[in-house]
Amino acid sequence: AIVRLPDPDLGSIPAPCVVPRFAGHTPPPARSGPGVGEHNAEVYGALGLTAADLTG
Numbered sequence: 010a011i012v013r014l015p016d017p018d019l020g021s022i023p024a025p026c027v028v029p030r031f032a033g034h035t036p037p038p039a040r041s042g043p044g045v046g047e048h049n050a051e052v053y054g055a056l057g058l059t060a061a062d063l064t065g
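Here this note's numbering runs 9 ahead of the position in the sequence shown, where the first position is 1.
What follows is the structure in structure tokens.
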């Protein structure tokens with residue numbers, strides 16, 4: 010099944026429904042994927058890099 014997901018940049022987008030579904034388990038809220046660079050600071054921090062390292 011196809012569901013519509015809210016996306017901050019594109020509005021409402023079609024996406025496949027979560028499969029499988031298990032009794033007694035509530036799936037997480039549906040959302041579109043992360044934006045470009047949304048998790049960069051978290052990843053770079055985990056690698057030990059600072060903002061100064063990234064600006065050259």
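Even for Gly, the Cβ is constructed at its ideal location relative to N, Cα and C.
Q: Please state whether DSSP places Ala-60 in a helix, a strand or coil.
A: On the sequence shown, position 51 is the one that residue 60 refers to. Note: Ala-60 maps to helix in three-state DSSP.
Q | Integer-rounded CB distance, given that Ile-11 should sit under 8 Å from Pro-25 | A | Locating residue 25 in the sequence shown gives position 16, where the first residue counts as 1. Locating residue 11 in the sequence shown gives position 2, where the first residue counts as 1. About 6 Å separates the beta carbon of Pro-25 from that of Ile-11, a gap short enough to meet the 8 Å contact definition.
(Q) Checking 9 Å against the spacing of the C-beta atoms, do Gly-44 and Pro-17 come in under that value? (A) Residue numbering aside, residue 44 sits at position 35 when the sequence shown is read from its first letter. Residue numbering aside, residue 17 sits at position 8 when the sequence shown is read from its first letter. Yes, Cβ-Cβ distance for Gly-44 and Pro-17 is below 9 Å.
Q: Specify, as a first and last residue, the run of the beta strand (DSSP E) that Gly-20 falls within.
A: One-based indexing of the sequence shown puts residue 20 at position 11. Gly-20 -> beta strand (DSSP E) spans 20-25.
Q. From which residue to which residue does the beta strand (DSSP E) around Val-45 run?
A. As a first step, residue 45 must be located in the sequence shown, where it is residue number 36. It is not in any beta strand (DSSP E) - Val-45 carries neither H nor E in the DSSP assignment.
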